[in-house]
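Quick notes on the structure that follows.
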Amino acid sequence: MSQPLLEVKELKKHFPITGGVLGKEVGQVKAVDGVTFFIREGETLGLVGESGCGKSTTGRMLLRLIEPTEGEVTFNGKKITSISGSEMRKMRRDIQMVFQDPYASLNPRHTVEKILEEPMIVHGIEKNSKKRKQKVRELLEKVGLSSYHAKRYPHQFSGGQRQRIGIARALAVKPKLIVADEPVSALDVSVQAQVLNLLQDLQKEFDLTFLFIAHDLGVVRHISDRVGVMYLGKLVELAGSEKLYEKPLHPYTQALLSAVPVPDVEHKKERIVLQGDVPSPSNPPKGCPFHTRCPEAMDVCKQVVPKFQEVEQDHYVACHLYEDNKSI
Amino acid sequence: MAELARNDNPIQPNQQDEKPASPWRDAWRNFRKNKLALIGLGIVTFFIILAVFAPVIAPEGIDDQKISTENYAKLESPSSEYWFGTDDFGRDILSRVIYGARISLTVGFFAVMGSVIVGSILGIVAGYYGRWVDTIISRIFDIMLAFPSILLAIAIVAVLGPSLKNALIAIAIINIPNFGRLVRSKVLSIKEEEYIMAAKAVGMKDSRILFQHILPNSFAPIIVQGTLAIATAIIETAALGFLGLGAKAPTPEWGTMLADSRQFITDAPYTMIFPGLAIMLTVLGFNLMGDGLRDALDPKMKS
Numbered sequence: 396m397s398q399p400l401l402e403v404k405e406l407k408k409h410f411p412i413t414g415g416v417l418g419k420e421v422g423q424v425k426a427v428d429g430v431t432f433f434i435r436e437g438e439t440l441g442l443v444g445e446s447g448c449g450k451s452t453t454g455r456m457l458l459r460l461i462e463p464t465e466g467e468v469t470f471n472g473k474k475i476t477s478i479s480g481s482e483m484r485k486m487r488r489d490i491q492m493v494f495q496d497p498y499a500s501l502n503p504r505h506t507v508e509k510i511l512e513e514p515m516i517v518h519g520i521e522k523n524s525k526k527r528k529q530k531v532r533e534l535l536e537k538v539g540l541s542s543y544h545a546k547r548y549p550h551q552f553s554g555g556q557r558q559r560i561g562i563a564r565a566l567a568v569k570p571k572l573i574v575a576d577e578p579v580s581a582l583d584v585s586v587q588a589q590v591l592n593l594l595q596d597l598q599k600e601f602d603l604t605f606l607f608i609a610h611d612l613g614v615v616r617h618i619s620d621r622v623g624v625m626y627l628g629k630l631v632e633l634a635g636s637e638k639l640y641e642k643p644l645h646p647y648t649q650a651l652l653s654a655v656p657v658p659d660v661e662h663k664k665e666r667i668v669l670q671g672d673v674p675s676p677s678n679p680p681k682g683c684p685f686h687t688r689c690p691e692a693m694d695v696c697k698q699v700v701p702k703f704q705e706v707e708q709d710h711y712v713a714c715h716l717y718e719d720n721k722s723i
Numbered sequence: 168m169a170e171l172a173r174n175d176n177p178i179q180p181n182q183q184d185e186k187p188a189s190p191w192r193d194a195w196r197n198f199r200k201n202k203l204a205l206i207g208l209g210i211v212t213f214f215i216i217l218a219v220f221a222p223v224i225a226p227e228g229i230d231d232q233k234i235s236t237e238n239y240a241k242l243e244s245p246s247s248e249y250w251f252g253t254d255d256f257g258r259d260i261l262s263r264v265i266y267g268a269r270i271s272l273t274v275g276f277f278a279v280m281g282s283v284i285v286g287s288i289l290g291i292v293a294g295y296y297g298r299w300v301d302t303i304i305s306r307i308f309d310i311m312l313a314f315p316s317i318l319l320a321i322a323i324v325a326v327l328g329p330s331l332k333n334a335l336i337a338i339a340i341i342n343i344p345n346f347g348r349l350v351r352s353k354v355l356s357i358k359e360e361e362y363i364m365a366a367k368a369v370g371m372k373d374s375r376i377l378f379q380h381i382l383p384n385s386f387a388p389i390i391v392q393g394t395l396a397i398a399t400a401i402i403e404t405a406a407l408g409f410l411g412l413g414a415k416a417p418t419p420e421w422g423t424m425l426a427d428s429r430q431f432i433t434d435a436p437y438t439m440i441f442p443g444l445a446i447m448l449t450v451l452g453f454n455l456m457g458d459g460l461r462d463a464l465d466p467k468m469k470s
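Sequence lines, in order, name chains S and X. For the first sequence, our numbering gives the first residue as 396, with consecutive numbering after it. For the second sequence, our numbering gives the first residue as 168, with consecutive numbering after it.
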């Protein structure tokens, strides 16, 4: 847990909405609207939020799979938002990604061996084909599969096994950071646990840093050191995971956490039920994006965008409730 | 969530020596079950064998005129000596039909190969790079498809001059937009697949993604369309030959043979029936096989 491996500053992605015959721009979807965070080396940062809040877009912008509209991403001291396309390709050796859908993210026409050796070929990691195939077999065993699986095709595996292949592919180039975009949400609950444990074991073994994107708060708590909560393209709260779950500050986080089921029949707690729907990101509300549904909304919330600031050590929140008295 | 099951080796090894079921192997299994497709394959194989071994199989040479003591054995009815009869020059029709398979199959195959290659390249460029490149290529395809294809072929042959080679080129050109569109639409849908995103995330170059990931995944429909297109190309070759724009007179091309025997249709219908049957059978064979391939390849690989 030393210095930040990755720093993200005011990252934005506005997708244009085009209309008419000439494809003129008639509006913008503000998928990600200014997020700032950092990830320390060796830690796991969880990113949660409802679907459509921009968490996956944020993850993809870190690899520049989606080009950011604005903002900076610094990885290992290098500003990756301003390097050329071919340099970025080389950078991807250090930043890898695990995808959500294990059925769609593996090429159905390639054998597992081909899927796993391709990253090594692309990055020139192991030129000798025999040794490379040996490495593929080692990788398979690392992720809990067997070396004889190498000759098979993706459709011969179950969802959990496929996700292991996806993880092995990310590991093939020995990256520093892995962006895991909802890696377990497509899997059965029993398999989820296995894959999560695998990720944690691999993190220890290879000193990996994770950005873990999910919408399942329980999963995120289990795996993350720190957790960021996103709402409508913005980070609303970011804190150590225990702290966040015990003392959430932002009303949105409080509402989210109150919805997590507790496995205890005696347990009674108040659920905060939010009214209305998430506003459209093409026309976000003025001021605080959450004020339309916030149980504690004040007049200032409708006018002024709250700053994302540190109210306690390592506890960031964007809410007017905490803007004046910093020591809650 | 605190008590997550720790089961680190959930995968039970089953038979280790099991053959990997590649997507192609699956397709072949499906294809084999389809009787009509197998008949199609049989017909096509039959004609390929005829074409390859024509000099061995054909009883006579293509230009041999049968001269008996009194006169030419011209326009003889089918008999045990000349199974399909002889034409107005006394040439054995059976032998000419057998040699004709060579021409039709080669022209069909190479014309389609040409359109597949050019069409795929244009389709890939249009589909992958999009924007104005796509607009230009797609509009050119639209324009080409606006003409009735045989008319366009005639126009092209008229410019290049009538010959078998030029007929082949014309047929290749008129089929380009079909393959171009097919490949373009396939590329458009495949490039949104998550495994393409994954390939980018791994750090692959565009060219590698195109040729290792997108193209192999669009092979199946190209093969289906290609097989069916060979059938059309054979008809078009015959049509151009019939119109006198393809193969020239002594060449035993099926369409040309039809044209030459037009005048004897009432006296010696066999001069037309057999080349016509040959065209029909080959086309039928390719169509049955193409349909079978579509059934075998199209209902998406098991996922």
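Using N, Cα and C, we set each Cβ at its ideal position, and we do this for glycine too. Only a predicted model underlies this, so the values are computations on that prediction, with no experimental measurement involved.
Closer than 8 Å by C-beta to residue i: which residues in its own chain qualify, once you throw out the five before and the five after it? Chain order, please.
i	result
residue 698 of chain S	681 and 682
residue 671 of chain S	687 and 688
residue 423 of chain S	409, 410, 411, 412 and 677
residue 273 of chain X	218
residue 477 of chain X	With chain X running from 168 to 470 in the structure shown, residue 477 of chain X is simply not present.
residue 323 of chain X	333, 336, 337, 340 and 341
residue 244 of chain X	252, 435 and 437
Might you give, ordered along the chain, the residues of its own chain that have their beta carbon closer than 7 Å to the beta carbon of residue i, omitting 5 neighbours on each side?
i	result
residue 508 of chain S	528, 531, 545 and 546
residue 558 of chain S	497, 578, 582 and 590
residue 721 of chain S	Note on residue 721 of chain S: pLDDT 43, under 50, position unreliable in the model; no value is reported.
residue 703 of chain S	431, 630, 711 and 713
residue 226 of chain X	259, 261 and 262
residue 232 of chain X	239, 256, 257 and 258
residue 407 of chain S	427, 428, 429, 463, 464, 465 and 466
residue 650 of chain S	667 and 669
residue 691 of chain S	646 and 716
residue 640 of chain S	616 and 652
Would you list the residues sitting across from residue i in a DSSP beta bridge?
i	result
residue 410 of chain S	S:424
residue 418 of chain S	DSSP lists no partner for residue 418 of chain S.
residue 576 of chain S	S:608
residue 516 of chain S	None; residue 516 of chain S has no bridge partner.
residue 632 of chain S	S:624 and S:712
residue 439 of chain S	S:605
residue 470 of chain S	S:401 and S:473
What is the DSSP secondary structure of residue i, reduced to helix, strand or coil?
i	result
residue 223 of chain X	helix
residue 625 of chain S	strand
residue 403 of chain S	strand
residue 359 of chain X	coil
residue 608 of chain S	strand
residue 478 of chain S	coil
residue 434 of chain S	strand
residue 213 of chain X	helix
residue 455 of chain X	helix
residue 465 of chain S	strand
residue 364 of chain X	helix
residue 182 of chain X	The pLDDT assigned to residue 182 of chain X is 44, lower than 50, so where the model puts this residue is not dependable; a value taken from the coordinates is nonetheless given after this. Looking at residue 182 of chain X - three-state DSSP - the assignment turns out to be coil, as it is neither helix nor strand.
residue 492 of chain S	strand
residue 200 of chain X	helix
residue 228 of chain X	coil
Starting from residue i, trace the beta strand (DSSP E) in both directions and tell me its first and last residue.
i	result
residue 725 of chain S	Nothing in the structure corresponds to residue 725 of chain S, since chain S is present only between 396 and 723.
Who are the near neighbours of residue i in its chain, counting only those whose CB is closer than 6 Å to its CB and skipping five residues on each side?
i	result
residue 351 of chain X	290, 293 and 294
residue 175 of chain X	Here residue 175 of chain X scores only 46 on pLDDT, less than 50, and its place in the model is too uncertain to base an answer on.
residue 316 of chain X	341
residue 171 of chain X	Below a pLDDT of 50, predicted positions are generally treated as unreliable, and residue 171 of chain X, at 46, falls in that range; no measurement from the model is reported.
residue 618 of chain S	439, 591 and 607
Since residue i is in the alpha helix (DSSP H), which residue starts that stretch and which ends it?
i	result
residue 295 of chain X	260-296
residue 598 of chain S	584-601
residue 454 of chain S	450-457
residue 400 of chain X	386-409
residue 650 of chain S	646-653
Name, going along the chain, the residues of the stretch 593-613 of chain S whose beta-carbon falls closer than 7 Å to a beta-carbon of chain X.
613
Check distances from the C-beta atoms of the stretch 335-369 of chain X to those of chain S and list, in chain order, the residues that come in under 7 Å.
360, 361, 362, 364, 365, 367, 368 and 369
Residues, ordered as in the chain, of the stretch 524-544 of chain S that lie near chain B by beta-carbon distance below 7 Å:
Looking at the structure shown, chain B is missing, and the protein chains on hand are S and X.
Could you run through the stretch 190-217 of chain X and flag, in chain order, every residue whose CB is less than 8 Å away from some CB of chain S?
190
Residues in the stretch 378-396 of chain X having any Cβ partner in chain S nearer than 9 Å
379, 380, 383, 384 and 386
Using a Cβ-Cβ cutoff of 7 Å, what residues of the stretch 263-296 of chain X are near chain S? List them in chain order.
Listed by position, the residues of the stretch 263-296 of chain X near chain S (Cβ gap below 7 Å) amount to none.
Quick one: which residues of the stretch 459-476 of chain S get their C-beta closer than 7 Å to a C-beta of chain X? List them in chain order.
460
Can you pull out the residues from the stretch 427-457 of chain S whose beta carbon lies closer than 9 Å to at least one beta carbon of chain X?
Within the stretch 427-457 of chain S, 455 place their CB atoms closer than 9 Å to a CB of chain X, listed in sequence order.
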